[in-house]
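Residue numbers (my numbering): 1215 to 1344.
Data first, discussion second: the structure below is written as structure tokens.
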Amino acid sequence: MTDNPNLQRWLAYIDNPDHDTLRTMLAEDAVFHSPVVHTPQAGREKVFAYLAAADHVFSGNRFEYVRMFAEGDNALLEFTAEMDGIHVNGVDIIRWNADGLIQDFKVLVRPLKAVNKVWEMMGAQLERAN
């Protein structure tokens, strides 16, 4: 386990997702970098929409962080999941601001089959949420 308080809050959220809590963890000017959307998604509500959709998409799909590195206000978390029989391997890169709020959240996913599956499932979830 980590002694980084920002990362501890994120991991507690992952263990017990609550969208009200998630919204309070995000900076007003937070930015989300998707593995499938070419432009960064800026603003608390957009970042919230993507992370909340990811909760739905990855829950029940054996999501697990398998390695974590944290230094100061930055963390890199490698994850695995299984979606419709496709192994997903990815990385969350998180940067917190001086107030301990998520400022920047970047997701990288591999292999290509996994990128396509994440794109399909996230697109459907974001469409349902609108």
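Don't be surprised by glycine CBs; every beta carbon is placed ideally from N, CA and C.
Where residue 1253 sits in the DSSP three-state scheme: coil
The alpha helix (DSSP H) enclosing residue 1223, as first and last residue numbers: It spans 1219-1229 - the alpha helix (DSSP H) in which residue 1223 sits, taken as one unbroken run.
CA-to-CA distance, residue 1250 to residue 1344, given in whole angstroms: 19 Å
Range covered by the beta strand (DSSP E) that runs through residue 1313: Premise fails: residue 1313 is in no beta strand (DSSP E) and is neither H nor E.
Cβ neighbours of residue 1307 in the same chain (closer than 6 Å, five flanking residues each side left out): 1290 and 1320
Bridge partner(s) assigned by DSSP for residue 1247: 1320
Residue 1269 - DSSP class collapsed to helix/strand/coil: helix
Residue 1317 burial status per 10 Å Cβ neighbour count (16 or more: buried): buried
Three-state secondary structure assigned by DSSP to residue 1276: coil
Identity of the residue in 1336, 1337, 1294 and 1284 nearest residue 1220 by Cα: 1284
Inter-residue spacing [alpha-carbon to alpha-carbon] between residue 1288 and residue 1309: 5 Å
Residue 1248 burial status per 10 Å Cβ neighbour count (16 or more: buried): Buried, by the Cβ-count rule.
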